[in-house]
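Data block below; observations after.
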Amino acid sequence: MPRFLKKRSHKAGLPPGTIVPSESAGTRDDVKVFVMDYNEAQFQERETEKVEECFPYKDSDTVTWINVDGIHDVDVLQKLGTHFGMHPLSLEDVASTGQRPKLEDFESYLLIILNMIDYDSVKGEITSEQISIVVTNGSVISFQERRGDVFEGIRERIRTAKGRIRKMGSDYLAYALLDSIVDNYFVVLEKLGEKIEAMEDKVVSDPSPKVLQEIHHLKGETLFLRKSVWPLRELTSNLERTESSLIKESTSAYLRDLYGHTIQVMETIDTFREIIGGMRDTYLSSISNRMNEVMKVLTIIATIFIPITFVAGIYGMNFSSEASPWNMPELGWRYGYVGALAVMAAIAIGMLVYFRKKQWL
Amino acid sequence: MPRFLKKRSHKAGLPPGTIVPSESAGTRDDVKVFVMDYNEAQFQERETEKVEECFPYKDSDTVTWINVDGIHDVDVLQKLGTHFGMHPLSLEDVASTGQRPKLEDFESYLLIILNMIDYDSVKGEITSEQISIVVTNGSVISFQERRGDVFEGIRERIRTAKGRIRKMGSDYLAYALLDSIVDNYFVVLEKLGEKIEAMEDKVVSDPSPKVLQEIHHLKGETLFLRKSVWPLRELTSNLERTESSLIKESTSAYLRDLYGHTIQVMETIDTFREIIGGMRDTYLSSISNRMNEVMKVLTIIATIFIPITFVAGIYGMNFSSEASPWNMPELGWRYGYVGALAVMAAIAIGMLVYFRKKQWL
Amino acid sequence: MPRFLKKRSHKAGLPPGTIVPSESAGTRDDVKVFVMDYNEAQFQERETEKVEECFPYKDSDTVTWINVDGIHDVDVLQKLGTHFGMHPLSLEDVASTGQRPKLEDFESYLLIILNMIDYDSVKGEITSEQISIVVTNGSVISFQERRGDVFEGIRERIRTAKGRIRKMGSDYLAYALLDSIVDNYFVVLEKLGEKIEAMEDKVVSDPSPKVLQEIHHLKGETLFLRKSVWPLRELTSNLERTESSLIKESTSAYLRDLYGHTIQVMETIDTFREIIGGMRDTYLSSISNRMNEVMKVLTIIATIFIPITFVAGIYGMNFSSEASPWNMPELGWRYGYVGALAVMAAIAIGMLVYFRKKQWL
Amino acid sequence: MPRFLKKRSHKAGLPPGTIVPSESAGTRDDVKVFVMDYNEAQFQERETEKVEECFPYKDSDTVTWINVDGIHDVDVLQKLGTHFGMHPLSLEDVASTGQRPKLEDFESYLLIILNMIDYDSVKGEITSEQISIVVTNGSVISFQERRGDVFEGIRERIRTAKGRIRKMGSDYLAYALLDSIVDNYFVVLEKLGEKIEAMEDKVVSDPSPKVLQEIHHLKGETLFLRKSVWPLRELTSNLERTESSLIKESTSAYLRDLYGHTIQVMETIDTFREIIGGMRDTYLSSISNRMNEVMKVLTIIATIFIPITFVAGIYGMNFSSEASPWNMPELGWRYGYVGALAVMAAIAIGMLVYFRKKQWL
Amino acid sequence: MPRFLKKRSHKAGLPPGTIVPSESAGTRDDVKVFVMDYNEAQFQERETEKVEECFPYKDSDTVTWINVDGIHDVDVLQKLGTHFGMHPLSLEDVASTGQRPKLEDFESYLLIILNMIDYDSVKGEITSEQISIVVTNGSVISFQERRGDVFEGIRERIRTAKGRIRKMGSDYLAYALLDSIVDNYFVVLEKLGEKIEAMEDKVVSDPSPKVLQEIHHLKGETLFLRKSVWPLRELTSNLERTESSLIKESTSAYLRDLYGHTIQVMETIDTFREIIGGMRDTYLSSISNRMNEVMKVLTIIATIFIPITFVAGIYGMNFSSEASPWNMPELGWRYGYVGALAVMAAIAIGMLVYFRKKQWL
């Protein structure tokens, strides 16, 4: 579970507000900056060469969405931060991964940091990427660790003017981004749910140590998710109740809805935890049942043979019947051998009857 | 436990407020719309062909109850929503199942979403249906996933003007609907309670692995109920303390009563959980007791025979008494054989006495 | 534990406020109504034939205590309720058993519902009876499920004008009733405590399955008590902090004291739960210790004899010493037999020494 | 653990405010009343014959500390209570032991009830004594169950005018008493801590059932302490935040400090609980490890001998080689016996190699 | 785990406010006092011979940081305390180790007490040192138990005027100290995380009792950390929300950030606890699996040989075929011996087939 131990960008000893890009912050390809600028009437979209190209949009009446893929270019962050009036601590937070999801209100802008998760079906693991959203009056800047996100639907809605997104402001755009991210939690939860269901059968039908390891893996994934979502709940709750003037009245119903979804994600995760905990118990009692069954049948077999082997031992003794007629006269009887066999059979059957009566068989 | 993993209507990527009827939202028969319209003096009841037929009732002085069975016809929802001034997000919530119970106050109306549960005695499972109640000034609209509900008593009381329902407004009607639903939780809890009581005897008398599976099933049902009721408690608490002008002063005592009932449901479920947890412990220690008993008796039998089989083995040795008088002289003794048997009996009896003294028998 | 599953008076489908007497609500003998009327100077006590006889007391300056034994006569409840101006929901609550303890403030009166518990030393079970107390200005009406209560001391104090009860109002009387009930919880807790102490010795000295059942029984009793007391704590806390004009300033110190006692009951119950949980652990480890001891001693015995039985087996083989001098020459040795016995003894003693060294003996 | 079940002074049925001295409230020797009276300039100390002797001090300008050893003389309590204007419920609380620690504000005085604990190194048990402190303007009255306390240091400081106690008022004196009591909790915790440390080694080196009993004893002591300290935390927190005019501004920093110490006591107890819980786990897994080791070695020995005993059994059979050359020709071979022994040795060694390879040895 | 039981400086019986240096409070070398004095323009740094040398800095306009290494010289503490107007209780807190982390607001100064932790890689243990920070208007005094700290980076930033520290006031300096300490928690957590990861593999590959001990050790370290950090969370939360005029508006964003980091430390520790708890479970089920495997294979071997040894026993009996043709005729058959061996082989193979079918092999 090395993911829990993810290194924070090391900053001990550095002055606060120093931008230290995370070592794991994306590959070394260039940082990409995409701009979408729109209002109800018009729409424009471009990938900029230089980050300065997107500065003019700041003061337009339109809503501007600047999306930055890659947070390891200190220069880009610095320029953007300066132009949009961001606090040095905000830039430091954006640049360093492994942050706790949070909402901070800097009056002129809101900083939202959270994790965008996805399910890597090849590794069978949940992957997580830190995303920072800066909401100003008229602009939204989103910083992603690397390319690839869950916002394609939003881009399409902006392009095609579908839904009400083109009629709303930057706060609605920020909500739409958050909503996409939370919706994707449901997608991941469904995948996890399918794995859990599949595991539930295995636990009863084939309780091997490998199954226990898979249960532990599932538990780890759930723990990981929970750690991500727990502060997210706080974040959305704060966002709903924020008194920032950046969030308009008309958006609050949507934010309340978002909060409800986050609660639902949380509750589903807790249900998963309970189910996985139950599976572990089922596994252990399956294992223990099997072992008990093995021990019981085997011990019964052993116990039947021990007394009759003793009888055979008796008549294997070499007491001399010549020395005394008291010595092992059975050996000379006509039906001695048959009788001995009969006695053995009687003992064995008696044992079996006794075990059956005690319901051990 | 696939019910926990119930698919939400998939909406990732769609704009918020889009009505996406749940795939599992009822069979494909027509959506039915029933209208009851009443005040203290008069009463009218009809099933409408077209949803538009119930629009005129909106502005009458009477209380109007519109009940919609089936939420998969987007057209019906859209028309009703538009006519009664509902927010797009509300319609989306009504249409998509798997919602978390909630109360939302949209000033001109209250939206209440909760689960109506029932006990399917054939499958031995608790079934759940999402029901959405919209309370406006003078009207109540209830949306059910499918036909069949727990409101027949209310309809009868409206028809026969029994109780005070005909004298009260739409808020009392909404309360009556909620009260019926919560009352049905008690009915389901009683059924569950009977199953738990029956199981309690089985656990002691016949602790088979099947019993453990049934305990797990009961635990799952309780978990499922708890997940439904937990937000219901919040809902009724909010309803009791709401400052909405739609809820009149005279109804608040009833709502406080409703809240009390929800708490009682919650506490009964928690008691069930404790009892079921205790049964699991009892089961495990019954199993372990039985196994211990088996092992103990069998081991004792084995242990008695091992030493005496050894004695028999001694006298089965072939040392030649001809070679030396030191070799196995017992074999030639007059009472050698009888003596050997006596020694064996003495060992066996000594063992039994020892075990008895140690209270292992 | 059927008591947990106590049936609520079935009301699903009936209009709220309908009085449905509980089926188990006392035997069918007549409902008894006792009246005590007093102030500092005078005192009167009577058993009424008809409930109407106690109506005149309502408007007197004296404090009136009307005690109703039996809540299954709807007529009596209805008349009292109407005369004292009770809300229909209050009457429904009084009549139906299985209610959650609660305090409701209806401005003109307070309704207090709680459980009066007692210890049935014959069945060894805690019994519970619902008691409803209505406090108005100048009157207290108490409804009991059946005859027999813990109020005899209060009646005696009223009759003999002992203490300050005759000088105080109806709120103090209500406090006195509650105080008697909570005091009786201590009596029951002491009985339960004695049983727990007795059990603690048994668990160590004689850990039989019957003991485990008794532990489970005690656990059930504690769970039952806890379920009763938990809402009682809330009730007394609310009563202490109530702003109702029915509770005078002078009574508040007493109510604070009452609240303290309820907390103490709660904490004692929680301590009992911890002790009982510990006893279960002690039981399980006693059982496991005994089993381990059995297995250990028996296995050691078996293990000593297995190698020496093997030696005996060796010399029971029939290799022909005639065919070859290499075949079992020991059989012809002068001290062969004695030597073989000596070898066996050496092995056995060696084993014992080894076990002793390993501290397995 | 009979201490948990300590009898409250039985009062069920008696009017509230009746002083019922606890049966266990000290021996029957006379109740002692000591008075210390001081201000910055002067100091006086005496043991009174009659309780009335300390009444004059009440109205002096000096601070008066009246310490009452023994609470079983109703007369003394009554007189003191009347003279200092105490509420009857306060006197009842002072007289009856087994009270829950609490702070009550009666405007003209504060009543503080708490437990003074000590460690009885003979019995190895924590002892507890109820102490009630009444703080009025200018006086402190402390009631102890019996002689012997932790206040000697305070008396010395008053006598020698060391520290600031002689310069401060009655509230500081009350604080000093509470501080002494809480400080003694640390002393007891250190003794308990030493026992826990000693036990930690024993659990690994010598896990006998006696050790388990000692662990249970320690757990009981910790539970007992926790039950005492939990309400103490509440008490000191309330005292710190009290708005009573009896507590001066200058004392509040001291009370905050006191509260901090109580929290620290609480946290240390919780840490002890965790450590003791961990020791129990260590004990159980030590026991289980030992048992497993026993079983493993013994079973291995048995398993090696079982196959080779079988081989010996084969050659102990009496098939007649005269009847047929096919019958047991090995018996007549030159190296038959040696060969048989070699086969047995080979089997035994093979087994050992297999076990070693499987890491069972 | 003796660190949990760390002795508080013993003060029972002493007047509050007495400075009692902890016995373990550093070695007996001289207490060192370092002063740094700076503003944006100038900077001065010196180690003082006498504590009085740093008094003049108090009233300068510059920010003064007085760092005291060693808290066992009562004289130094007294002088500093008097000069900077500290309350006697504050000095007592600074001098006595084993304090609970806390923030106290004395209007003219803030007292912050917390633990600076470090990882001693030689002992493999987390070490802890109490550090007290006094923040006045224009000065920060830090008291450490001994030399060596995590503040070197801050000193360097002050010297080189790097970052904004030289431009800010004493509140920012205090923040910087706290930030360094909290940052070092992350460093220690990473070391702990590495040990946990290493342990996770060991638990599966080599579950020896030593591993269990190491798990317990890790659990103890985590418990220790948690006990340190829990009150730290409260401290930083209070600091963030403090209304003290000593904390300027401009520093509050930094304090919010600090609080966020503390929460993150807390959550990482809780995750570690869950992982360690899971490792313990994995260890126990690994052990149990191994034992089950041993028992199973060995029991199977035993069980196969028991019946065939019985067969060998049968033909070792000495019934006389001369006395009767019914006696053991098999002994004289041509293929008697071969047949007997065949029967034994058949039994053994049958057993193996049965076990394989039951999936016990």
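Residue numbers (my numbering), protein chains in the order written: chain Y, 1 to 361; chain B, 1001 to 1361; chain Z, 2001 to 2361; chain R, 3001 to 3361; chain A, 4001 to 4361.
Note that beta-carbon positions come from the ideal geometry of N, C-alpha and C, so glycine has one too.
| Rounded straight-line distance, which links the Cα of P3015(R) to that of Y3185(R) | Distance between the alpha carbons of Y3185(R) and P3015(R) is about 36 Å.
In the structure shown, what three-state DSSP assignment does G1026(B) receive? The predicted model places G1026(B) with a pLDDT of 48, which falls under 50 and marks its position as unreliable; any figure quoted below should be read in that light. Three-state result, G1026(B): coil.
Which residues in chain A sit within 7 Å of M3036(R), going by Cβ to Cβ distance? Neighbours of M3036(R) in chain A, taken as residues at a C-beta separation under 7 Å, are lacking, since the least C-beta distance is about 16 Å.
Q | D3179(R), DSSP secondary structure in three states | A | helix
*Using a cut-off of 7 Å between C-beta atoms, extract the partners of E2274(Z) located in chain R.*
L3223
Item to complete: Spell out whether any CB of chain Z is found under 7 Å from the CB atom of A1025(B).
Response: Confidence at A1025(B) is low in this model, with a pLDDT of 46, below 50, so its placement is unreliable and no value can be given for it.
- Item | Residue range of the alpha helix (DSSP H) that includes T4236(A) | P4209 to R4241 is the extent of the alpha helix (DSSP H) around T4236(A).
query: So with Cβ pairs under 7 Å, would you call F3305(R) a contact of chain D?
result: Among the protein chains in the structure shown, which are Y, B, Z, R and A, there is no chain D.
Worksheet item: Whose C-alpha, out of D2061(Z), G2098(Z) and E2053(Z), is nearest the C-alpha of V2076(Z)?
Response: Nearest to V2076(Z) by alpha-carbon distance, out of D2061(Z), G2098(Z) and E2053(Z), is E2053(Z).
TODO: Name the residue from V2063(Z), K2058(Z), G2098(Z) and E2104(Z) whose alpha carbon lies nearest to the alpha carbon of T2082(Z).
DONE: K2058(Z)
*Can you give me, in chain order, the residues of the stretch 2100 to 2112 of chain Z that have a beta carbon less than 8 Å from any beta carbon in chain B?*
R2100, K2102, E2104 and F2106
Rounding to the nearest angstrom, what Cα-Cα distance links K2357(Z) and E3293(R) in this structure? 14 Å
| What do you get for I2269(Z), buried or exposed, if any count of 16 or more other CB atoms within 10 angstroms of its CB means buried? | Buried, by the Cβ-count rule.
Write down every uninterrupted run of the beta strand (DSSP E) in the stretch 4037 to 4110 of chain A whose length is 3 residues or greater and which is fully enclosed by it, in chain order. With a minimum length of 3 residues, the unbroken runs of beta strand (DSSP E) contained wholly in the stretch 4037 to 4110 of chain A fall at 4043 to 4048, 4063 to 4069 and 4102 to 4105.
| message | Using DSSP's beta-bridge definition, name the partner residues of K3032(R). | response | D3069(R)
CA nearest to the CA of K4191(A), picked from E4234(A), V4122(A) and F4143(A):
V4122(A)
Open item on the list: Measuring only from the beta carbon, is K58(Y) closer than 6 Å to any heavy atom that is part of the ligand GTP?
Closed with: Absence of the ligand GTP is noted for the structure shown, with no ligands found whatsoever.
Which residues DSSP lists as bridging N115(Y), in chain order: Q130(Y)
### Stretch-stretch touch, CB-based, cutoff 8 Å, three pairs: the stretch 1274 to 1282 of chain B with the stretch 2206 to 2224 of chain Z
yes
Can you find a CB in chain B that lies within less than 7 Å of the CB of E214(Y)?
-> No, because no Cβ of chain B sits closer than 7 Å to the Cβ of E214(Y).
Checklist entry - Is there a Cβ from chain B that is less than 7 Å from the Cβ of T2309(Z)? => result yes
Quick one: what's got a C-beta closer than 8 Å to V1211(B)'s C-beta in the same chain, skipping five residues either side?
M1199, K1202, V1203 and Y1283
Let me know if Y3337(R) comes out buried or exposed under the rule of 16 or more other beta-carbons within 10 Å of its beta-carbon. buried
- Which of the residues in the stretch 2080 to 2092 of chain Z, read from start to end, lie with their CB under 7 Å from any CB of chain B? H2087 and L2089
Given a cut-off of 7 Å, decide if Y2109(Z) and V2074(Z) are closer than it, judged by their beta-carbon atoms.
no
- Query: DSSP on Q4144(A), reduced to helix/strand/coil?
  - Reply: strand
If the cut is a Cβ gap below 9 Å, which residues of chain A does N318(Y) touch? N4318
Sorted by chain position, which residues of the same chain lie with C-beta nearer than 6 Å to R1147(B)'s C-beta, five sequence neighbours on each side aside?
Residues of the same chain with a CB within less than 6 Å of the CB of R1147(B), apart from the 5 flanking positions on each side, are D1069 in chain order.
*Beta-carbon neighbours of N1327(B), restricted to chain Z and to distances below 7 Å*: G2336 and Y2337
Please state if the CB of R4155(A) and the CB of G4163(A) are separated by a distance shorter than 7 Å.
-> no
*Test: M291(Y) CB closer than 7 Å to a CB of chain A*: yes
Run through DSSP, which three-state label would T309(Y) get?
helix
Checking contacts by CB at 7 Å: is T2299(Z) closer than that to chain R?
yes
key: chain A contact residues for W3360(R), given Cβ-Cβ distances below 7 Å   = V4294
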